[in-house]
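My numbering applies: residue 28 is where the sequence shown begins, and numbers increase by one.
Yeah, the Cβ is synthetic: ideal placement off N, Cα and C, and Gly gets one too.
Written below as structure tokens is the structure these notes are about.
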Amino acid sequence: MSSSRRRLILILTFLLLAYLGGQLWDIHRVGHLSRSRHADCAIVLGAAAWHNKPSPVLRERLNHAITLYQAGAVKTIVLTGGYGKGADFAESEVGLEYCVKKGIPREVIFAENESLNTLDNLKEAQEIMSQRGFKKALLVSDPWHLKRARRMAADLDLEVYVSATPSSRFKSVGAKSRFLIGELALYHYYLLTGK
């Protein structure tokens, strides 16, 4: 292999690594934007329900939305998430029961139970917002999920601000690394396919 070809491969490798590093940093940055915002609603992106109880990931998202409502940052909560494979309860239904048990008035909670992925969560939430005349939303999820979700919301012309859960169920270095790398792949899959 000639030295000029080796140099070209090294340059291209460096550029690829720099791009991927920049994207990983930006996924982290978006998920940790700390701004005090007010909106019509908090959109809680779906996560697994364990039968009739929220999984730890879903519970953290619900707890954050409850905190936003109690602090007066939002007037309503929009819950998303349908029935997982073989599930008897939709994620949003489990979330609704959880919020009510935590003292949130039933009349300020809106839930859909059709969506099975992030993009569909947002499309269903958009329908609820349109029906209710809501203009702005705080988008609630785990920090590293929010860059992809925010991009999807922007492509749907939804006006959202990210509002990450302050705590995460992903604690170990291995779990965090898998989540971050997974989001990097999913973000670029969405850019390429729109799904």
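Contact the segment 87-106 vs the segment 124-137: 3+ CB pairs below 8 Å: yes
Tell me which residue opens and which closes the beta strand (DSSP E) that L166 is part of. 163-168
Rounded to whole angstroms, what is the Cα-Cα separation between I36 and S204? 27 Å
Whole-angstrom distance between D115 and F160, CA atom to CA atom: Note on identity: in this sequence residue 160 is Gly, with Phe being the wrong assignment. Those two C-alpha atoms are separated by around 31 Å.
Residues that E134 bridges to, as DSSP identifies them: E134 is not bridged to any residue.
Would you list, in sequence order, the uninterrupted alpha helix (DSSP H) runs of no fewer than 4 residues that lie entirely inside the segment 44-115? 83-97
For H215, count neighbouring C-beta atoms within 10 Å of its own C-beta (all shown protein chains included) and say buried if the count is 16 or more, exposed if not. exposed
CB of L173 within 9 Å of CB of L149, strictly: no
Apart from the five residues just before and just after S30, which ones in its own chain have a Cβ nearer than 7 Å to its Cβ? none
By the 10 Å Cβ neighbour count, where 16 or more other Cβ atoms means buried, how is V71 classified, buried or exposed? buried
Exposed or buried, P132, counting other C-beta atoms within 10 Å across all chains shown (16 or more means buried)? exposed
Would you kindly work out how many angstroms separate the C-alpha atoms of A176 and G201, rounded to a whole number? 23 Å
Indicate the three-state DSSP secondary structure (helix, strand or coil) for A117 in the structure shown. coil
Around the C-beta of E118, are 16 or more other C-beta atoms found within 10 angstroms, so that it is buried, or is it exposed? buried
Which class does S30 belong to by DSSP, given the choice of helix, strand or coil? helix
Using the Cβ count rule (16 or more neighbours within 10 Å means buried), how would you classify G108? buried
Coil, strand or helix - E139 by DSSP: coil
Pull the bridge partners of E186 from the DSSP assignment, please. K163
Does the distance from the CB of K163 to the CB of D67 come in under 9 Å? yes
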